[in-house]
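Number of protein chains: 2
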Amino acid sequence: MHAAVLRYFDHVARQGSIRKAAEALSVASSAVNRQILRLEDEIGVPLFERSRAGVRPTAAGELLLRHVRETQIEFQRAQAEIASLGGTVSGTVRIISLESMLARFLPEIVAEMTARHPRVNFTVLTVHPSEIAEALRSGDSDFGVLFVDNRLSGVDVVAEFRTAIGALMRPNHPLAGAKVLTLTECARHPVIMLNDRWLLSAIMTTEFAESGARLSPRIVSNSIEFMRQVIVRGLGIGFVTPIGFIDEIRRGELVHVPLAEPGLSDSRIGILVPRHRRLSPPARLMINHIRQRLTEFGSFLAAPTREPAKRSKRNRRA
Amino acid sequence: MHAAVLRYFDHVARQGSIRKAAEALSVASSAVNRQILRLEDEIGVPLFERSRAGVRPTAAGELLLRHVRETQIEFQRAQAEIASLGGTVSGTVRIISLESMLARFLPEIVAEMTARHPRVNFTVLTVHPSEIAEALRSGDSDFGVLFVDNRLSGVDVVAEFRTAIGALMRPNHPLAGAKVLTLTECARHPVIMLNDRWLLSAIMTTEFAESGARLSPRIVSNSIEFMRQVIVRGLGIGFVTPIGFIDEIRRGELVHVPLAEPGLSDSRIGILVPRHRRLSPPARLMINHIRQRLTEFGSFLAAPTREPAKRSKRNRRA
DNA sequence: ACGGTACGCTGCCGTTTCGGCACCACCCCG
DNA sequence: CGGGGTGGTGCCGAAACGGCAGCGTACCGT
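And the structure:
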C-alpha cells in the first residue's frame with residue numbers, strides 16, 4: 062500500500078549509503094538515488110548530508126525518518142489487527158529480552174504461543190543495554206522482558222516480578238548449604254561473571270562497589286549457556302537470576318542461594334512496553350501469556366529453593 | 062511522498078461513494094475504483110461493503126482507515142516540523158471552537174499570529190457538540206477551545222479558565238443594575254437563547270431544569286452575531302459568556318450580570334487537545350498564545366462587570 | 001604519483017503502472 | 001420501462017519506475 066520510497070528512505074538511513082541500501086533492497090542504486098532526490102525535492106529541504114563515506118540524515122531527515130518508521134510500524138500493526146478480525150491471530154511479535162529469560166523461559170512461552178496461534182511469528186533478541194531505550198522507542202521491538210530500570214523514560218511497565226539475583230553453584234559446593242550469602246563470602250571462591258557489557262553486570266558492579274567486595278572472576282562470559290556449562294562442571298559460583306536455570310535447580314543439579322545485598326536480593330524483571338504505542342493483537346496475547354506464566358511461579362523466582370507456604374518465617378530470618 | 066491510494070481510500074470512505082470521491086479528487090472513477098480493488102487485494106480482505114447506494118467501510122476498512130488518516134495527519138505534522146527548522150513557522154492550525162470565542166476573541170488571536178507568522182494558515186470551525194469528540198480524536202482538528210466537559214475521554218485540558226455564564230442586556234434594562242441574577246428573576250423578562258443543538262444550550266437546559274425555572278424564549282438562534290444584534294436592540298436578555306461581547310461590554314453598550322446558579326456562574330472554558338498526539342509547531346505556538354491571552358484578562362472573564370479598581374462605580378449605576 | 005575503490009549522480013531505454021474514456025451489468029425509483 | 005445512480009472492466013496513451021552503463025570525485029594504499 063505504502064509508496065516504495067518509504068522503504069528506500071528507511072534503508073538508506075539505516076545503511077548510511079545509497080548503494081548499500083539498494084543492494085539490501087535488491088534494486089538498482091540509481092532507482093534508490095532518484096527516489097531520494099525526488100523526495101528531497103518534494104519536501105523542499107535536503108534529507109541527507111552527502112559525504113565521501115556515504116550519506117547521513119539531516120535534522121529534517123531525522124524528523125521525516127521518524128514519521129516514516131512510525132508509519133511502517135503502525136501499518137504492520139493495522140494489518141495484524143485486521144488479520145485477527147478473522148479469528149486467527151497472526152503477525153510478528155518482536156521482543157527484546159534478558160539472555161537469562163531467553164535460555165529457558167521464553168522458548169517455552171513461544172512454543173505454547175505457536176501451538177495456539179500457528180500463524181504468529183517471533184523475533185526474540187538480546188540487545189546491548191544502551192540500545193534498549195532506542196529499540197523500544199523506535200518500534201524495532203514490541204516490548205522487552207528486562208530488568209526494570211528507573212532511568213528508562215517513555216516506557217511503561219505492564220507487569221513486574223521480583224526475583225533474586227543469587228549465587229548459583231553445585232550442591233557439593235562449600236557454600237551450597239547457606240540460606241543466604243554475601244558477596245564478601247562468595248569472593249573467597251572462584252566466581253563466574255557475565256561480561257560487563259550487559260545490564261545484569263551493570264547492576265552487579267554497582268552493588269559490588271557499594272559492598273566493598275572485590276571479585277576477580279575466574280571466568281567471564283556473556284553467554285548464559287556457557288555459564289551453565291562451567292557452573293555445572295564445578296568451576297565456580299555464578300551470579301544470576303534463577304530463571305535461566307529452572308530445570309537444573311529443580312532437578313537438584315544446581316543450587317541457587319539468594320544474596321544478602323538488598324539491591325540484588327530483590328531485583329525486578331518486568332515487561333516493558335513503549336508508551337504511546339498501540340500493541341498488535343499477537344503482542345497483546347504474548348504479553349498476557351508471559352504475565353500469566355510469570356505469576357504462576359513467581360514465588361519460585363523470588364525464592365527458588367523453597368516452597369511458598371513456609372516462606373513467611375524464613376523471610377523474616379533473611 | 063505517500064502513495065495516492067491513501068488519499069483515494071480516505072476520500073472514498075468519507076464520500077461513501079467511489080464516483081463522488083473520484084470527482085472530489087479530480088480523477089476518473091475507474092482509477093479510484095482500481096486502486097481500491099488493488100488495495101483490497103493487497104490487504105487480503107474486503108475493505109468496503111458494496112450496496113446500490115455506494116460503499117461503506119467494513120470492520121477491516123475502518124481499521125485501515127484509522128491507520129491511513131493517522132498517517133496523513135502525522136505526515137502533515139512532520140512537514141510542519143521540518144519547515145519550522147528553517148526558523149519560519151508554517152503549516153495549518155485546525156481549531157474547533159465555541160462560537161462565542163469565535164466572535165471576538167479568536168479573530169484577534171489569529172490576527173496576531175498571522176502578523177508574527179505569516180506562513181501559518183488557519184481552519185477555525187464550530188462543530189456540533191456530538192462531533193467534538195470525533196473531531197478531536199480523528200485529528201480533523203489540532204485542538205479545541207470549548208467548554209470543559211468531563212464526559213470527554215482521551216482528551217487533555219492543557220489550559221482552563223473560569224468564566225461566568227450570565228445575563229447580557231442593555232444598560233437600561235430593569236435588571237441591569239443587579240450584581241447577580243437567578244434564572245427565575247430573568248424568566249419574567251423576554252429572553253434570547255441559543256439553539257438547543259449547541260453545547261452551551263445543553264449546559265443551560267440542565268441548569269434550568271434543576272432550578273425549576275421555565276423559560277419561553279422570545280428568540281432562539283444559533284448565531285452569536287444574531288444574538289448580539291437583537292440584544293443590542295433591546296429585544297431581551299441573552300444567556301452567554303461575556304467572551305463574545307467584550308467590546309460591547311467595555312464600551313458600556315451591554316451589561317453582563319453573572320447568574321447565581323453555581324453550574325453557570327463558574328463554567329470552565331479550556332483548551333482541549335487529543336491525548337497521544339503530537340502537536341505541530343504552529344499548533345503549539347497557537348495554544349501558548351491563546352493561553353497567554355486568556356490569562357491576561359482572565360479576571361475579566363470571571364467577573365466582567367466588576368473590574369477591581371476603576372469600573373466598580375459605573376457598573377453599580379448602570 | 002598513481003591506480004583502485006567506493007561514493008553519489010545522470011542519460012538512456014524497456015517495462016510497469018497509472019489514469020482517462022467508453023462501456024457493461026446492476027439496482028432503485030418514478 | 002426508461003433515467004439516473006452505483007461498482008466494475010477493456011483498451012490505450014502517458015507517466016513513472018527500475019536496470020544498465022557511465023561520469024566525476026574523494027579517499028586510501030602502494
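As you go down the protein sequences, you meet chains U and E in turn.
FYI, in my numbering the residues of the first sequence are 62 to 379.
FYI, in my numbering the residues of the second sequence are 62 to 379.
We put the beta carbon where it would ideally sit given N, CA and C, even for glycine.
Host alpha helix (DSSP H) of residue i (start-end)
i	result
R177 of chain U	L167 to R177
T356 of chain E	P342 to E357
D71 of chain U	A65 to Q76
F287 of chain U	I285 to V293
N211 of chain E	Note, N211 of chain E: premise wrong, no alpha helix (DSSP H); not H, not E.
R80 of chain E	I79 to L86
E103 of chain U	S90 to I104
E309 of chain U	I307 to R311
Cross-strand partners of residue i (DSSP beta bridge)
i	result
E110 of chain U	U:R117
T243 of chain E	Paired residue(s): none; T243 of chain E is not in a bridge.
L333 of chain E	E:G205 and E:V218
R155 of chain E	E:T184
P319 of chain U	U:G227
F300 of chain U	U:A228
S328 of chain U	U:T224
Start and end residues, beta strand (DSSP E) containing residue i
i	result
L255 of chain E	V252 to L255
S282 of chain E	I280 to S282
Residue from the options with nearest C-alpha to residue i
i	options	result
A228 of chain U	U:T119, U:V219, U:A248 and U:L126	U:A248
T221 of chain E	E:V209, E:G215 and E:D102	According to the sequence displayed, residue 221 of chain E carries Glu and not Thr. Answer by Cα proximity: E:V209.
P319 of chain U	U:I170, U:V188, U:V73 and U:G238	U:G238
I307 of chain E	E:R289, E:V181 and E:L340	E:R289
V185 of chain E	E:R177, E:H178, E:V252 and E:D201	E:D201
T243 of chain U	U:H63, U:L255, U:I226 and U:I253	U:I226
Q133 of chain U	U:E160, U:A89, U:V241 and U:M62	U:M62
H178 of chain E	E:E322, E:M254, E:V218 and E:A144	E:A144
N349 of chain U	U:L296, U:R223, U:F204 and U:I285	U:F204
G305 of chain E	E:F287, E:L197 and E:V73	E:F287
R329 of chain U	U:R198, U:T149, U:I156 and U:L355	U:L355
I351 of chain U	U:P168, U:L98, U:S151 and U:I79	U:P168
E47 of chain E	E:A321, E:P323, E:P303 and E:E322	Residue numbering for chain E in the displayed model covers 62 to 379; residue 47 of chain E lies beyond these limits and cannot be assessed.
G147 of chain E	U:A120, U:T245 and U:R339	U:A120
Q137 of chain U	U:L98, U:S90, U:N182 and U:E103	U:N182
L108 of chain U	U:A114, U:P118 and U:R223	U:P118
L333 of chain U	U:Q76, U:A196 and U:A114	U:A196
E322 of chain E	E:A139, E:V316 and E:E246	E:E246
E192 of chain U	U:L213, U:A92, U:S90 and U:G299	U:L213
N233 of chain U	U:G152, U:H317 and U:R345	U:H317
D217 of chain E	E:E110, E:L125, E:A139 and E:L340	E:L340
V188 of chain E	E:V93, E:S284 and E:G215	E:S284
R198 of chain U	U:R113, U:I157, U:M162 and U:I79	U:I157
L126 of chain U	U:I104, U:G115 and U:A139	U:I104
Rounded Cβ spacing between residue i and residue j (contact assumed at less than 8 Å)
i	j	result
P343 of chain U	A141 of chain U	6 Å
R279 of chain U	V301 of chain U	With 8 Å as the limit, R279 of chain U and V301 of chain U do not qualify as a contact, their Cβ atoms being about 15 Å apart.
H384 of chain E	E123 of chain U	Residue 384 of chain E lies beyond the stretch modelled for chain E, which goes from 62 to 379, so this question has no answer here.
G331 of chain U	R231 of chain U	The Cβ separation is near 31 Å, so there is no contact.
L159 of chain U	V106 of chain U	The pair is not a contact, with the Cβ atoms about 42 Å apart (cut-off 8 Å).
A85 of chain U	Q76 of chain U	6 Å
L325 of chain E	S282 of chain E	At roughly 19 Å, the Cβ-Cβ gap does not stay under 8 Å, so L325 of chain E and S282 of chain E are not in contact.
D327 of chain U	R223 of chain U	5 Å
I79 of chain E	V116 of chain E	6 Å
V309 of chain E	V293 of chain E	The sequence shown places Glu at residue 309 of chain E, not Val. With a Cβ gap of about 7 Å, E309 of chain E and V293 of chain E count as contacting.
(request) Let me know the beta strand (DSSP E) ranges lying completely inside the region 217-243 of chain U, each 3 residues or longer, listed in chain order. (result) 227-230
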